[in-house]
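Visitor: The numbers in my numbering rise by one with no breaks, and the one at position 252 of the sequence shown is 239. Note that beta-carbon positions come from the ideal geometry of N, C-alpha and C, so glycine has one too.
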Amino acid sequence: MDPSTLWWSFSSLAAAFVLFQMFTVPSHLRHLPCVPILPLLVSYLSGEVEDVRIKRLILPFANERDEGLVLVWALGRWMIHILDHKLGAQMAENPLLYPKELPPDGLLLWRFIGGSNVLLANGERWKKHSNVIRDAFNLSIPIDQFTHLAKNLFDVINPPSDGNDTHTVDFSDLAQRFALDAVGSSVLGYDFDAIRTESLFVHEYNGIMHDIANPLYLIMPFLEKVFPRRKVIKRMDNLVDKFKMLLQAKRNDPGDDMMTFMLKDPAMSEEELRDNMVVLFIAGHDTSAGGLSTLIYFLAIHPEIQAAAREETLRVLGPTSIPSVDTLSAASLPYLNACIRESLRINTPISYIVPRAAVEAVTLGKYYIPPNTSLIYNIYAVHHRNDVWGDPHTFRPNRFLDNTERGSVLKDAWIAFASGPRQCPARNFALYEQRALAVMLLREYEWILPADSIHKNGLKNAFSPFALTLPRDLHITFTKRKC
Ligand code: HEM
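(1) Pair every Cβ in the segment 458 to 470 with every Cβ in the segment 156 to 170, then say whether three or more of these pairs are closer than 8 Å.
(2) Which residues mark the beginning and the end of the alpha helix (DSSP H) in which K115 is found?
(3) Along the chain, which unbroken stretches of the alpha helix (DSSP H) at least 4 residues long are found entirely within the segment 264 to 341?
(4) Would you kindly work out how many angstroms separate the C-alpha atoms of L136 and I182, rounded to a whole number?
(5) What residue range is occupied by the uninterrupted alpha helix (DSSP H) comprising H190?
(6) Cβ of G352 versus every heavy atom of the ligand HEM: is any distance shorter than 7 Å?
(7) Taking the alpha-carbon positions, what's the L315 to L323 distance?
(8) Locate the alpha helix (DSSP H) running through H135, then write down its first and last residues.
(9) For a test of the three-state rule: what should DSSP assign to M223, helix, strand or coil?
(10) May I ask you to check if the CB of F188 is nearer than 7 Å to at least one heavy atom of the ligand HEM?
(11) Can you give me the C-alpha to C-alpha distance between H72 and K469, rounded to a whole angstrom?
(12) Report the rounded CA-to-CA distance for E291 versus E191, giving the unit in angstroms.
(13) How is the alpha helix (DSSP H) around T247 delimited, first residue to last?
(14) So, helix, strand or coil for W(-5), using DSSP?
(15) Please determine whether the Cβ atom of T391 lies at a distance below 7 Å from any heavy atom of the ligand HEM.
(16) Under DSSP, the beta strand (DSSP E) around R64 begins and ends at which residues?
(17) If you run the structure through DSSP and keep just helix, strand and coil, what is V346?
(18) Does the beta carbon of C21 fall short of 7 Å from some heavy atom of the ligand HEM?
(19) Is DSSP giving R366 helix, strand or coil here?
(20) My parser needs the alpha helix (DSSP H) runs of 4 or more residues fully inside the segment 384 to 425; what are they?
(21) On the criterion of 16 or more Cβ atoms from any shown chain inside 10 Å, does D273 qualify as buried, or is it exposed?
(22) Would I356 pass as an interface residue toward chain D - the criterion being a Cβ-Cβ separation below 8 Å?
(23) Between which two residues does the alpha helix (DSSP H) holding D240 run?
(24) What three-state label does DSSP hand S361 in the structure shown?
(25) Flag this pair as touching only if the segment 382 to 395 and the segment 114 to 134 have three or more C-beta atom pairs under 8 Å; answer yes or no.
(26) Does E37 come out as helix, strand or coil in the three-state DSSP assignment?
(27) If we count the other Cβ atoms within 10 Å of its Cβ and call it buried at 16 or more, is S319 buried or exposed?
(28) Would L126 be called buried (16 or more neighbouring beta carbons within 10 Å of its own) or exposed?
(29) For F465, which of helix, strand or coil comes out of DSSP?
(30) Report the CB separation of R386 from E88 in whole angstroms; it is logged as a contact under 8 Å.
(31) Any chance the CB of C326 is under 7 Å from a heavy atom of the ligand ZN?
(32) Am I right that A454 and Y339 are in contact with their C-beta atoms under 8 Å? What's the rounded C-beta distance?
(33) Determine, using beta-carbon pairs with one atom in the segment 390 to 398 and one in the segment 251 to 259, whether at least three such pairs fall under 8 Å.
(34) Going straight from the alpha carbon of R121 to that of N151, what length do you get?
(35) If you pair each beta-carbon of the segment 325 to 340 with each one of the segment 281 to 301, do three or more pairs fall below 8 Å?
(36) Quick one: what does DSSP say T89 is sitting in, helix, strand or coil?
Structure, rendered in structure tokens:
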């Protein structure tokens, strides 16, 4: 054999060995149920959206085999997905035993977010970040900002003055702009003016997220080291630099937003403030936008539910009163609140949480978990278990108005904001944001799906590599109500 053939044979064998090692379940995890690798790889390479992949490949383990967890290969390794809320609660309640895992080296999203923030920190460092952020969210709920932004949205939704009283708009795009303006004005203290203008931030952020989501790099994250994507990195670093400038501007010109509050904390370094700013920007707008679009979609396809939510809204707030923390509370609007909870259940904006790793061997239910195994709480799967929800694929808000024992089981299994000490610190903010916009829209318009909607046979989400479930190209036809 000539030396070049020998070299090729050796390289092919080495590559085959590396691939075998990468895709084979490690021996210490082989006792656990496992999603087969081939369909998973096909799913990743074909860009299948997360919710469809979960329904097709992961949920059958919960609904047909009654498993509480399953091994899933993702981002270059095998991880355990928890499919049962009782097992998930065991993990979520104990962040010391199950800290967040250090993200794999080189993954671009983590470079964007940075390492010194509330989302990724553990132990005492997490407490420090978390206390400041929770205090900031406890300051007040910016209802006036939400209603002001809703009125900005009306300017885009209102029919053009051509005698026609209906107008079709891309609501998924508008919801993202609304949520960005909400987080910008009240949390970050910066007016992106995204509803009314083509915001550079929205453009750059969407471009970066699109670039990061290259399926090959998602399957083999080590490629980031072998063939670094310099253009994407530069684009990302430029956006992060803009955040640094916003921070400096805030320092020079403080406001009554949460970032100004955080800047007053002497314990927070410049890097920590910047990283938290990026986290709040990312965590705070796509999630809310996904929830809002899903709500508007389900109210569009269920006119009787839309009418009931409108009836409650008009009864509590009348046609023109200015909404307040009291009138927008869950207690004042139980039916609308149930619709929102049901939307966040059926099309969970964050399908699963950042991976945790148990610091020692543990037992979850009947499953033995070796130390340092990656664990993910699969919120989407928990929200679609037949044995808990009965009819998980049906939009039925009334299930959240059930005050019996069964209703309290559902409350425990509803984990749209996760659970335990590390659940979303902005859940109250986010729920008020949803109720505020919903109330404003219900009083002003009636809406339906246009006849040619891509969603007429079911809601379609956009592709996202990072567990975000966001309806795509959701066009909605709004008709202005006559008072
Ligand atoms: C409907 C809207 C929202 C949903 C469904 C949602 C959901 C979640 C979930 C599931 C987590 C846990 C993630 C994990 O443990 O890996 C989380 C954490 C977090 N969320 Fe939200 N969220 C929403 C809105 C927001 C908003 C508006 C903000 C900020 C403006 C925000 C800021 C955060 C932060 C900072 C964390 C990290 C908390 C920690 O690790 O201690 N979220 N959210």
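Guide: Reading off the structure:
(1) yes
(2) Position 128 of the sequence shown holds residue 115. Start and end: 110 to 125.
(3) 290 to 304, 321 to 333
(4) Within the sequence shown, numbered from 1, the residue matching residue 136 stands at position 149. Within the sequence shown, numbered from 1, the residue matching residue 182 stands at position 195. Computed Cα separation, rounded: 8 Å.
(5) Taking the sequence shown and counting its residues from 1, the one referred to as residue 190 is at position 203. Taken as a continuous stretch (DSSP letters only), the alpha helix (DSSP H) holding H190 covers 187 to 199.
(6) As a first step, residue 352 must be located in the sequence shown, where it is residue number 365. G352: no, Cβ never under 7 Å from the ligand HEM.
(7) Looking up residue 315 in the sequence shown gives position 328. Looking up residue 323 in the sequence shown gives position 336. In a straight line, the C-alpha of L315 is about 10 Å away from that of L323.
(8) Numbered from its first residue, the sequence shown carries residue 135 at position 148. Unbroken alpha helix (DSSP H) run through H135: 130 to 144.
(9) Your numbering for residue 223 matches position 236 in the sequence shown. Note: M223 maps to helix in three-state DSSP.
(10) The residue given as residue 188 occupies position 201 in the sequence shown. Answer for F188: no, Cβ out of range of the ligand HEM.
(11) One-based indexing of the sequence shown puts residue 72 at position 85. One-based indexing of the sequence shown puts residue 469 at position 482. Roughly 45 Å between the two C-alpha positions.
(12) Taking the first residue of the sequence shown as 1, we reach residue 291 at position 304. Taking the first residue of the sequence shown as 1, we reach residue 191 at position 204. Distance between the alpha carbons of E291 and E191 is about 40 Å.
(13) Your numbering for residue 247 matches position 260 in the sequence shown. That run of the alpha helix (DSSP H) goes 245 to 250.
(14) For the purposes of this step, residue -5 is taken as the residue at position 8 of the sequence shown. Helix, per DSSP.
(15) Indexing the sequence shown from 1 puts residue 391 at position 404. Incorrect: T391 has no Cβ contact closer than 7 Å to the ligand HEM.
(16) Here the question's residue 64 lines up with position 77 in the sequence shown. It spans 64 to 69 - the beta strand (DSSP E) in which R64 sits, taken as one unbroken run.
(17) Here residue 346 refers to the residue found at position 359 of the sequence shown. Residue state, collapsed to three classes: coil.
(18) Within the sequence shown, the letter at position 34 stands for residue 21. C21 Cβ: outside cutoff for every heavy atom of the ligand HEM.
(19) Counted from its first residue, the sequence shown places residue 366 at position 379. A quick correction: the sequence has Ile, not Arg, at residue 366. The answer is helix: DSSP assigns I366 an H, G or I state.
(20) 392 to 400
(21) What you label residue 273 is simply residue 286 of the sequence shown in a count that begins at 1. Its Cβ being crowded by 16 or more others within 10 Å, D273 is buried.
(22) Considering every chain present, this structure includes no chain D. It has just one protein chain.
(23) Start at 1 with the first residue of the sequence shown, and residue 240 comes out as number 253. It is not in any alpha helix (DSSP H) - D240 carries neither H nor E in the DSSP assignment.
(24) Translated into positions along the sequence shown, residue 361 becomes position 374. If DSSP states are grouped into helix, strand and coil, S361 belongs with the strands.
(25) no
(26) The residue labelled residue 37 in the question sits at position 50 within the sequence shown. In the structure shown, E37 sits in a helix (DSSP, three-state: H, G or I).
(27) The count along the sequence shown starts at 1 and reaches residue 319 at position 332. Its Cβ being crowded by 16 or more others within 10 Å, S319 is buried.
(28) The count along the sequence shown starts at 1 and reaches residue 126 at position 139. By the neighbour-count rule (16 or more Cβ atoms within 10 Å), L126 is not buried but exposed.
(29) Walking along the sequence shown from the start, residue 465 turns up at place 478. Residue state, collapsed to three classes: strand.
(30) Taking the first residue of the sequence shown as position 1, residue 386 is located at position 399. Taking the first residue of the sequence shown as position 1, residue 88 is located at position 101. The Cβ separation is near 34 Å, so there is no contact.
(31) The model depicted lacks the ligand ZN and carries the ligand HEM instead.
(32) Counted from its first residue, the sequence shown places residue 454 at position 467. Counted from its first residue, the sequence shown places residue 339 at position 352. At roughly 5 Å, the Cβ-Cβ gap stays under 8 Å, so A454 and Y339 are in contact.
(33) no
(34) Sequence index remark: in the sequence shown, residue 121 carries index 134 (1-based). Sequence index remark: in the sequence shown, residue 151 carries index 164 (1-based). Between R121 and N151, the C-alpha separation is close to 46 Å.
(35) yes
(36) Within the sequence shown, numbered from 1, the residue matching residue 89 stands at position 102. According to the sequence as given, residue 89 is Leu; it is not Thr. In this structure, L89 counts as coil in the three-state DSSP scheme.
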